[in-house]
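Student:
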DNA sequence: AAAAAAC
């Protein structure tokens with residue numbers, strides 16, 4: 001078994017790792033760090049929770065150790081899809097770069113440019129950014145990416161989901177082709193494949209399975225409910241949610257200590273958070289419409305335990321590393337099956353046990369099917385601890401007056417009936433997220449490139465990035481005008 | 001049916 005000390009990392013980095021208490025690299029770290037240190041491109045196929053972040057920060061710090069940043073010319077660049085993820089990478093970087101003199105800047109939206117500008121002006125070794133803000137800085141002429149030696153794309157599949165791929169391509173094209181690229185994605189969708197073929201050069205491909213501690217430690221439970229009317233679904237689910245919270249808080253083993261409650265829509269996040277608060281629960285919402293400072297504060301509160309219930313949109317579904325989350329609730333069944341895996345992966349982390357509830361109504365059938373087929377397993381059904389007043393679950397409507405309210409109004413917080421949190425024995429059967437195949441492919445063949453000329457002539461203006469494999473035809477950087485510069489603002493906007 | 005990311 002390798003240990004970090006076998007990995008040729010900078011002694012100062014090793015010291016910082018030691019201080020964190022880790023001794024053994026995770027599979028993605030063991031696979032990615034050695035080639036990354038050699039300067040090779042790396043294609044890492046790994047989920048969050050596999051130690052992915054350290055697998056690029058550690059070699060980056062080591063490799064950047066020598067050399068010095070120049071004003072406005074960062075030496076490395078890390079791209080992350082959300083502000084929170086970027087901030088998390090920055091934190092990780094701070095931890096491991098303690099002993100070094102490396103300067104870093106975090107470029108994310110929602111905060112002022114001023115401070116970010118100042119840092120860039122002084123020169124940074126590491127730039128950690130979300131695509132939008134990075135491009136904004138670039139457009140203002142505050143930033144040159146021609147000095148980037150190492151570029152990291154984290155959570156590429158999520159970037160794809162969020163429509164960032166064109167931005168990512170533009171950013172790739174602003175950096176020198178001589179850069180080293182470390183590229184991470186949980187899946188290899190065709191579009192991701194295309195990007196990696198285009199921008200990675202003879203990468204070392206490392207594919208690791210979802211960490212056991214994630215899948216095997218999560219108890220998944222499906223709670224089904226048939227509302228008397230469709231419009232009652234949300235209200236009923238809020239009742240069910242509280243009933244489960246009450247029941248599981250009182251459990252002897254693996255009791256509920258805290259929870260992330262995922263909703264599909266931002267308005268629903270607000271409604272559920274408000275409703276929980278109204279019922280005396282310590283809950284706060286988090287989603288993209290909230291001010292960044294508020295988002296940060298809320299997340300910090302949840303991390304340090306002062307906030308017990310985080311009601312979240314999918315902004316918090318992926319990548320966020322929050323240890324000690326005992327429960328995850330899918331208040332809504334996610335409409336993208338992969339999001340299910342990401343959401344429930346927020347619990348059961350670092351070897352701890354976790355419970356993931358999914359509240360479903362008959363309308364969710366086809367999404368549940370998609371989830372079942374993705375995880376290649378059934379989600380065990382658990383008991384619904386809430387009984388609607390005056391009747392069974394599937395009984396015909398008797399309280400129509402409540403149902404007929406317009407949707408907006410009825411989804412406002414009006415929940416009032418006390419949950420009947422009888423001690424229905426929790427029916428739990430452990431389910432596992434299907435393991436992803438493990439494949440280590442240390443050295444795939446070089447890509448065959450013979451379309452250099454076509455690439456060069458493409459209307460988007462970027463020269464073919466693949467020229468790298470077919471000889472030193474591209475000389476220097478001067479002939480390359482970043483694509484987005486050639487487009488007007490309107491064109492850029494229309495492209496998006 | 002949506003979320004996220006730039007002013």
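Numbering (the UniProt record's numbering), first residue to last: 1 to 496. Ideal Cβ placement from N, Cα and C applies to all residues, glycine included.
Span of the alpha helix (DSSP H) holding residue 96?
Tutor: Note, residue 96: alpha helix (DSSP H), 83 to 96.
Student: Starting from the Cα of residue 158, find the closest Cα among 300, 222, 133, 82 and give me that residue.
Tutor: Looking at the Cα atoms, 82 is the closest of the given residues.
Student: How about residue 355 and residue 221: are their beta carbons less than 9 Å apart?
Tutor: It is a contact, given that the beta carbons lie within the stated cut-off.
Student: Who are the Cβ neighbours of residue 62 in its own chain at under 7 Å, not counting the five residues just before and after it?
Tutor: Within the same chain, residue 62 has close Cβ partners 9, 10, 13, 37.
Student: Count the other CB atoms, across all protein chains shown, that sit within 10 Å of the CB of residue 363; report buried if there are 16 or more and exposed otherwise.
Tutor: It is exposed - the Cβ of residue 363 has fewer than 16 other Cβ atoms within 10 Å.
Student: By Cβ distance, which residues of its chain are closer than 7 Å to residue 333, with the 5 residues on each side in sequence left out?
Tutor: Correct list, in chain order: 358, 360, 364, 367, 368.
Student: Would you say residue 7 and residue 34 are within 9 Å of each other, going by their C-beta atoms?
Tutor: Contact: yes.
Student: Is it buried or exposed for residue 248, if we count other Cβ within 10 angstroms and need 16 for buried?
Tutor: By the 10 Å Cβ count, residue 248 comes out buried.
Student: Roughly how many whole angstroms lie between the Cα atoms of residue 184 and residue 43?
Tutor: The alpha-carbon atoms of residue 184 and residue 43 are separated by roughly 6 Å.
Student: On the three-state DSSP scale, how would you describe residue 373?
Tutor: Residue state, collapsed to three classes: helix.
Student: Using DSSP with H/G/I as helix, E/B as strand and the rest coil, what is residue 162?
Tutor: Residue 162 falls in the coil class under three-state DSSP.
Student: Going along the chain, which residues of its own chain have a beta-carbon closer than 6 Å to the beta-carbon of residue 296, five neighbours each way excluded?
Tutor: Closer than 6 Å at Cβ, skipping near neighbours: no residue.
Student: Under three-state DSSP, which class holds residue 440?
Tutor: For residue 440, the predicted model reports a pLDDT of 33, less than 50, meaning its position is unreliable; a value from the coordinates is still stated below. The answer is strand: DSSP assigns residue 440 an E or B state.
Student: Taking the straight line between their C-alpha atoms, what separation do you get for residue 174 and residue 95?
Tutor: One C-alpha to the other measures close to 29 Å.
Student: Just confirm the distance between the C-beta atoms of residue 99 and residue 30, as a whole number of angstroms; I'd bet it's less than 8 Å.
Tutor: Not a contact, Cβ separation roughly 22 Å.
Student: Note down, in chain order, each residue of its chain lying with its Cβ closer than 8 Å to the Cβ of residue 187, except the 5 sequence neighbours on either side.
Tutor: Cβ neighbours of residue 187 beyond the five flanking positions: 45, 157, 338.
Student: Determine the contact status of residue 167 and residue 142, defining contact as a CB-CB distance below 9 Å.
Tutor: No, the pair does not count as a contact, with Cβ atoms beyond the cut-off.
Student: Might you give, ordered along the chain, the residues of its own chain that have their beta carbon closer than 7 Å to the beta carbon of residue 472, omitting 5 neighbours on each side?
Tutor: Annotation note: pLDDT 32 at residue 472 (below 50); position unreliable, no value reported.
Student: When you compare the stretch 249 to 256 with the stretch 372 to 386, are there three or more beta-carbon pairs, one atom per stretch, that lie closer than 8 Å?
Tutor: The stretch 249 to 256 is not in contact with the stretch 372 to 386.
Student: Can you check which of these residues, 27, 3, 192, 181, is closest to residue 18 by C-alpha distance?
Tutor: Of 27, 3, 192, 181, the residue nearest in Cα terms is 3.
Student: Evaluate contact between the stretch 237 to 247 and the stretch 199 to 209, counting only Cβ atoms and requiring at least three cross-stretch pairs below 8 Å.
Tutor: No, because fewer than three Cβ pairs between the stretch 237 to 247 and the stretch 199 to 209 fall closer than 8 Å, the two stretches do not touch.
Student: For residue 276 versus residue 283, is the C-beta distance shorter than 9 Å?
Tutor: Going by C-beta atoms, residue 276 is nearer than 9 Å to residue 283.
Student: Look up residue 101 in the DSSP assignment and say whether it is helix, strand or coil.
Tutor: Coil.
Student: Between the beta-carbon of residue 128 and the beta-carbon of residue 104, is there less than 9 Å?
Tutor: Yes, Cβ-Cβ distance for residue 128 and residue 104 is below 9 Å.
Student: Quick check on the burial criterion: 16 or more other C-beta atoms within 10 angstroms. Buried or exposed for residue 25?
Tutor: When all chains shown are included, residue 25 counts as buried.
Student: Sorted by chain position, which residues of the same chain lie with C-beta nearer than 8 Å to residue 379's C-beta, five sequence neighbours on each side aside?
Tutor: 220, 221, 222, 358, 368, 371, 372, 431, listed in sequence order.
Student: To the nearest angstrom, how far is it from the Cα of residue 401 to the Cα of residue 109?
Tutor: Bear in mind that the predicted position of residue 401 carries a pLDDT of just 34, short of 50, making it unreliable; the figure below should be weighed with that in mind. Distance between the alpha carbons of residue 401 and residue 109: 45 Å.
Student: Does DSSP classify residue 266 as helix, strand or coil?
Tutor: Residue 266 falls in the helix class under three-state DSSP.
Student: Spatial neighbours of residue 393 within its chain, please: C-beta separation below 8 Å, excluding the five flanking residues on both sides.
Tutor: Its pLDDT being 48, under 50, residue 393 is placed unreliably by the model, and the measurement read from it follows with that caveat. If we look at residue 393 and ignore the five residues flanking it on each side, its Cβ neighbours are 225, 226, 384, 387.
Student: Measuring straight from C-alpha to C-alpha, what distance separates residue 320 and residue 91?
Tutor: The alpha-carbon atoms of residue 320 and residue 91 are separated by roughly 12 Å.
Student: Which runs of the beta strand (DSSP E), 3 residues or longer, sit entirely within the stretch 113 to 190?
Tutor: Listed in chain order, they are 126 to 129, 150 to 153, 180 to 185.
Student: Give the straight-line distance between the Cα atoms of residue 304 and residue 340, rounded to the nearest whole angstrom.
Tutor: C-alpha separation (whole angstroms): 25 Å.
Student: Residues in its own chain within less than 8 Å of residue 179 by CB, not counting five upstream and five downstream?
Tutor: Closer than 8 Å at the Cβ level, and outside the excluded window around residue 179, lie 148, 149, 150, 151.
Student: Comparing alpha-carbon positions, which option in 68, 41, 231 lies nearest residue 55?
Tutor: Out of 68, 41, 231, 41 has the C-alpha closest to the C-alpha of residue 55.
Student: State the CB to CB distance for the pair residue 311 and residue 273, rounded to an integer number of angstroms; the pair is presumed to be in contact (CB under 8 Å).
Tutor: That belief holds up - the Cβ atoms of residue 311 and residue 273 are roughly 4 Å apart, short of 8 Å.
Student: What are the boundary residues of the alpha helix (DSSP H) that includes residue 340?
Tutor: 337 to 344 is the extent of the alpha helix (DSSP H) around residue 340.
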